[in-house]
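Protein chains in written order, with the numbering used here: chain U, 363 to 559; chain A, 8 to 637.
Even for Gly, the Cβ is constructed at its ideal location relative to N, Cα and C.
These figures come from a predicted structure and were not determined experimentally.
Quick look at the structure:
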């Protein structure tokens with residue numbers, strides 16, 4: 363116990379770091395840069411391959427417009443949950459996180475439906491690279507959304523345990539950052555796929 | 008486990024002291040979150056990998072140097088890979104080359120070099136208790152270890168490891184039936200590399216975050232040791248380029264396992280057309296080299312950073328052109344991303360594109376030459392102390408220059424058409440990136456061994472190790488230039504068919520003998536290293552009389568690095584042999600106010616600013632008194 367005490371004393375004596383940005387948040391920014399690079403890799407591969415010809419043009423199913431809308435709305439609720447945390451409104455906080463989570467699930471469901479719609483039009487993963495690229499991109503983005511859902515579950519649990527409040531917003535802010543990134547990433551992919559068919 | 012969870016919780020506050028905290032064996036040596044232990048884990052794993060990778064190269068050098076040699080004696084190790092005539096199986100030769108490249112580039116010179124020294128030196132040289140996230144750091148090592156185990160297992164499966172070259176170009180890598188190594192071996196390669204990339208990303212995030220966020224008071228970017236600059240830029244390179252390799256590998260996995268055709272098109276096997284159509288193998292090369300080229304600098308930059316530090320310390324002189332060194336490293340980092348297609352001049356690329364990439368490639372000669380000149384001018388008229396680390400650093404400079412010059416030749420599209428895929432290329436990259444980085448690694452180990460283990464390595468063994476390695480490396484790789492110009496292609500199993508190639512048989516023999524001697528010399532190092540960990544002479548606190556922060560820690564560094572408060576930094580790390588100073592070095596922790604005899608006019612102006620650094624900490628006077636009283 364003595365050691366514990368002395369370490370607390372030392373804690374108060376420890377100097378401030380030179381850069382006051384939260385290291386964990388900074389790390390998340392770097393991770394986002396890293397994920398962005400992998401998608402930049404895929405989309406540039408897409409463009410390079412597309413320029414070589416033998417490229418199948420197909421209509422993107424309407425359902426992807428709906429999923430895009432759902433993703434945008436989910437981001438809105440994510441934003442509301444951060445606002446609720448700032449104001450210590452724990453009820454709305456939990457509701458907003460839950461709605462974000464549910465919308466995330468709906469988004470994934472719609473993406474899968476979109477995939478099956480393509481299949482019903484005989485546009486398979488195996489075949490012309492145009493479709494393969496499309497499927498792989500929505501698949502990988504979906505995987506990232508699943509990771510985002512896990513982050514949301516963790517945030518929900520910490521909100522439940524009252525670990526998220528106006529004085530301790532790191533966790534919810536990082537979750538929101540990641541979720542908005544996933545939203546933006548999908549917007550980028552969607553606009554990209556619409557433009558370069 | 009409950010207590011572990013509790014103590015972890017209690018210590019989850021940032022910047023807390025950890026040194027009083029008793030750890031059990033598992034926490035201390037196995038699942039350690041301490042950056043120094045993780046660094047040692049990386050180092051030892053890297054050394055083991057280096058011996059495995061080296062051994063593989065000796066096996067194929069035996070084949071190249073002595074094509075008629077009976078290798079029955081190796082059957083206990085290689086089994087079926089020695090054919091009934093007692094010779095190396097030709098397909099296994101390709102597997103050996105592939106695995107040698109993969110192991111050396113990724114597992115030794117990326118993980119073993121960056122993993123060891125970024126982890127070890129970043130917190131110690133910037134004055135931090137540990138990495139920004141110890142847990143992520145631990146995960147990074149364990150992902151690397153799992154990747155290592157999988158890659159090692161792939162060496163022992165019956166169809167052999169991946170055999171399509173370390174660059175795993177499709178279609179050899181994309182069609183599981185293409186060759187023995189394209190099946191299970193290739194799958195394991197991909198799994199291992201995916202884990203490896205994840206490990207490197209976690210490491211890289213930590214390095215960059217730690218350097219930016221956790222520097223001690225007064226340590227601005229313009230006062231960072233060049234080692235830290237190099238680790239920083241290396242990590243940035245990794246964060247931005249490794250994900251692209253992951254992208255490429257994922258598409259490859261889809262091609263291999265799900266039948267898509269990203270990289271495969273119109274291929275016939277046994278007269279039967281494969282269903283895949285419309286893929287582009289060149290696409291893979293673009294994606295691969297977008298990582299592959301930055302990877303060269305991921306391997307080299309830490310070695311250059313270590314060399315800067317070791318040369319300045321042992322020449323007892325400030326590094327020549329500190330800012331130019333940073334600038335050239337920044338330049339190299341930037342250029343690394345826009346030169347990848349110089350690996351692809353002969354793929355049928357648009358010649359105009361080729362000339363653009365040629366131009367960009369040749370620009371790299373400028374920052375590289377700046378670095379070369381700065382090393383030499385730092386040595387010029389220095390009070391050189393020839394420690395083994397210093398010898399390896401000077402060796403690095405010679406290798407970097409000798410190998411870099413041929414880079415200018417190979418960077419020319421017109422010349423590359425002649426020299427592409429010959430031993431000239433092998434000679435080039437083994438000198439400039441392979442051996443140079445290896446020498447940097449060795450310099451780092453010899454230099455920071457006292458800090459790692461509190462003991463010294465044996466100098467005499469170090470000198471013998473250096474001279475055998477140095478002469479050996481040049482004997483191995485220098486003749487390869489001639490063999491390459493003579494037209495010997497890489498990755499060929501045997502050159503005994505034509506008169507033209509037969510006339511170089513003796514040179515190949517010479518290379519093989521030199522390689523075996525050089526490899527054997529590394530045994531001296533291994534002995535020296537492991538023996539000194541336990542029995543080496545006890546080290547003093549600052550054995551090289553160096554200025555940087557890590558030497559202000561206790562001889563045996565505890566968890567948390569500094570026993571008292573973390574020292575502040577007042578000056579750049581290269582105040583060696585400063586005119587007027589009492590000793591020939593002034594540590595970074597000594598304020599200008601206590602060295603009026605050696606201050607330059609502009610440094611006297613800095614004294615006023617030192618107050619702001621001191622005010623950041625209540626115990627500051629005590630600290631500067633302690634570390635400044637040399």
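Determine, for residue i, whether the minimum Cβ-Cβ distance to residues of chain A falls below 8 Å.
| i | result |
| --- | --- |
| residue 540 of chain U | no |
| residue 404 of chain U | yes |
| residue 416 of chain U | yes |
| residue 531 of chain U | no |
| residue 363 of chain U | With a pLDDT of 36 at residue 363 of chain U, under the threshold of 50, the predicted position of this residue should be treated as unreliable, though the coordinate-derived value follows. False, the Cβ-Cβ gap to chain A never drops below 8 Å. |
| residue 557 of chain U | no |
| residue 524 of chain U | no |
| residue 537 of chain U | no |
| residue 393 of chain U | yes |
| residue 410 of chain U | yes |
| residue 375 of chain U | Any reading at residue 375 of chain U is ruled out, since the residue's pLDDT is 45, under 50, leaving its predicted position unreliable. |
| residue 321 of chain U | Absent from the model: residue 321 of chain U. The displayed extent of chain U is 363 to 559, so no value can be given. |
| residue 494 of chain U | yes |
| residue 553 of chain U | no |
| residue 400 of chain U | yes |
| residue 543 of chain U | no |
| residue 388 of chain U | yes |
Checking the sheet assignment: what are the DSSP bridge partners for residue i?
| i | result |
| --- | --- |
| residue 545 of chain A | A/462 |
| residue 429 of chain A | A/496 |
| residue 240 of chain A | None; residue 240 of chain A has no bridge partner. |
| residue 279 of chain A | A/276 |
| residue 95 of chain A | A/89 |
| residue 527 of chain U | U/530 |
| residue 583 of chain A | A/592 |
Does any C-beta atom of chain U lie closer than 8 Å to the C-beta of residue i?
| i | result |
| --- | --- |
| residue 246 of chain A | yes |
| residue 297 of chain A | yes |
| residue 369 of chain A | no |
| residue 256 of chain A | no |
| residue 121 of chain A | no |
| residue 42 of chain A | no |
| residue 267 of chain A | yes |
| residue 216 of chain A | yes |
| residue 250 of chain A | yes |
| residue 471 of chain A | no |
Going by CA-CA distance only, name the one from the options that's closest to residue i.
| i | options | result |
| --- | --- | --- |
| residue 114 of chain A | A/82, A/395 and A/59 | A/59 |
| residue 512 of chain U | U/528, U/529, U/533 and U/498 | U/533 |
| residue 351 of chain A | A/389, A/250 and A/418 | A/418 |
| residue 410 of chain A | A/541, A/376 and A/116 | A/376 |
| residue 148 of chain A | A/72, A/49 and A/156 | A/49 |
| residue 496 of chain U | U/389, U/509, U/482 and U/476 | U/476 |
| residue 524 of chain A | A/68, A/36 and A/56 | A/68 |
| residue 516 of chain U | U/413, U/536 and U/481 | U/536 |
| residue 522 of chain U | U/454, U/384 and U/439 | U/454 |
| residue 178 of chain A | A/310, A/90 and A/258 | A/258 |
| residue 243 of chain A | A/198, A/231 and A/341 | A/341 |
| residue 430 of chain U | U/530, U/503 and U/394 | U/503 |
| residue 99 of chain A | A/174, A/326, A/405 and A/186 | A/186 |
| residue 47 of chain A | A/508, A/246, A/455 and A/181 | A/455 |
| residue 481 of chain A | A/492, A/460, A/434 and A/447 | A/434 |
Every unbroken alpha helix (DSSP H) within the segment 460-532 of chain A, with a cutoff of 4 residues, ordered by chain: 466-492 and 506-509
Could you tell me which whole alpha helix (DSSP H) segments of length 4 or greater appear in the segment 417-450 of chain U? 425-448
Contact between the segment 80-91 of chain A and the segment 119-135 of chain A is defined here as three or more beta-carbon pairs at a separation below 8 Å; is this criterion met? no
Mind listing, in chain order, the continuous alpha helix (DSSP H) runs of no fewer than 4 residues lying wholly within the segment 58-91 of chain A? 82-85
Is the segment 132-144 of chain A touching the segment 564-583 of chain A in the sense that three or more CB pairs, one from each, lie closer than 8 Å? yes
Alpha helix (DSSP H) runs wholly inside the segment 140-218 of chain A, at least 4 long, in chain order: 141-161
Counting Cβ pairs closer than 8 Å, one from the segment 101-114 of chain A and one from the segment 39-46 of chain A, do we hit at least three? no
If contact is defined by three or more beta carbon pairs under 8 Å, each pair taking one atom from either stretch, is the segment 485-492 of chain A in contact with the segment 428-439 of chain A? yes
If we count Cβ pairs, one from each stretch, closer than 8 Å, do we get three or more for the segment 604-612 of chain A versus the segment 579-590 of chain A? yes
Sufficient close CB pairs (3 or more, under 8 Å) joining the segment 92-100 of chain A to the segment 535-548 of chain A: no
Counting pairs of beta carbons, one from the segment 294-304 of chain A and one from the segment 249-266 of chain A, are three or more of them closer than 8 Å? yes
Are the segment 316-328 of chain A and the segment 369-384 of chain A in contact at 8 Å, needing three or more beta carbon pairs? yes
At a cut of 8 Å, does the segment 165-172 of chain A reach the segment 188-198 of chain A through at least three beta carbon pairs? yes
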